[in-house]
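*Asks:* This structure is in structure tokens; I'll ask about it shortly.
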Amino acid sequence: MYHFKGKEYPCCASLTMGIIGGKWKTVILFHLIDGTLRYSELRKQMPTVTERTLSLQLKTLEEDGIVKRKVYTSKPPLKVEYSLTDFGKTLIPLIKSIADWGVYVVTEKKGGVLKN
Numbered sequence: 000m001y002h003f004k005g006k007e008y009p010c011c012a013s014l015t016m017g018i019i020g021g022k023w024k025t026v027i028l029f030h031l032i033d034g035t036l037r038y039s040e041l042r043k044q045m046p047t048v049t050e051r052t053l054s055l056q057l058k059t060l061e062e063d064g065i066v067k068r069k070v071y072t073s074k075p076p077l078k079v080e081y082s083l084t085d086f087g088k089t090l091i092p093l094i095k096s097i098a099d100w101g102v103y104v105v106t107e108k109k110g111g112v113l114k115n
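Going by numbering that gives the first Met the number 0, the sequence shown opens with residue 0, and the numbers climb by one from there.
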């Protein structure tokens, strides 16, 4: 049994998916690999995610110590930036492998189309 942040997981793969699983968390992490992004920049990168879902997923990733949220309040308008923590950066090889597999599927398997 594996324990993380008060939760219990039956195996290491279950723990990993518990942290980065779901439709949007891995996509968020993929976009943060290259550096810090403002909330609005993340929204532009992910046009099909709702604002509520994006906010909730970012909050969960922040609570798990994967993403860092920085709020600038010195002058209006309010500015919020997101970046990977050092702990979050340990996921980069995994996220890149997942993205590479997605490219493989659309380029090597029938029925896939790669659009830029």
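Cβ coordinates follow ideal geometry from the N, Cα and C atoms, glycine included.
Since the structure is predicted, the reported quantities are computational estimates derived from the model, not experimental observations.
1. Going by other Cβ atoms of all chains shown within 10 Å of its Cβ, with 16 needed for buried, is G101 buried or exposed?
2. Our contact map puts V79 next to R42 with C-beta atoms below 8 Å; I'd like the distance itself, whole angstroms only.
3. Entirely within the region 25–108 and at least 3 residues each: give me those beta strand (DSSP E) ranges in chain order.
4. Have a look at the DSSP bridge pairing and note the partners of K6.
5. Do L28 and G64 count as a contact pair if the criterion is CB distance below 8 Å?
6. Tell me where the alpha helix (DSSP H) around G17 begins and ends.
7. Out of L83, M16, C10, S73, point me to the one whose CA is closest to H30's CA.
8. I think R68 touches E61, with their Cβ atoms under 8 Å apart; what is that distance to the nearest whole Å?
*Replies:* For this structure:
1. As a working note, residue 101 is residue 102 in the sequence shown. Under this definition G101 is an exposed residue.
2. For the purposes of this step, residue 79 is taken as the residue at position 80 of the sequence shown. For the purposes of this step, residue 42 is taken as the residue at position 43 of the sequence shown. About 11 Å; that fails the 8 Å criterion.
3. 66–71, 78–83
4. As a working mapping, residue 6 is identified with position 7 in the sequence shown. According to DSSP, which records beta bridges pairwise, K6 is partnered with F3.
5. For this step, residue 64 is matched to residue 65 along the sequence shown. For this step, residue 28 is matched to residue 29 along the sequence shown. No, they are not a contact pair.
6. Start at 1 with the first residue of the sequence shown, and residue 17 comes out as number 18. Taken as a continuous stretch (DSSP letters only), the alpha helix (DSSP H) holding G17 covers 11–19.
7. Counting from one through the sequence shown, the residue named residue 30 turns up at place 31. That would be L83, whose Cα lies nearest to the Cα of H30.
8. Against the sequence shown, residue 68 aligns to sequence position 69. Against the sequence shown, residue 61 aligns to sequence position 62. At roughly 5 Å, the Cβ-Cβ gap stays under 8 Å, so R68 and E61 are in contact.
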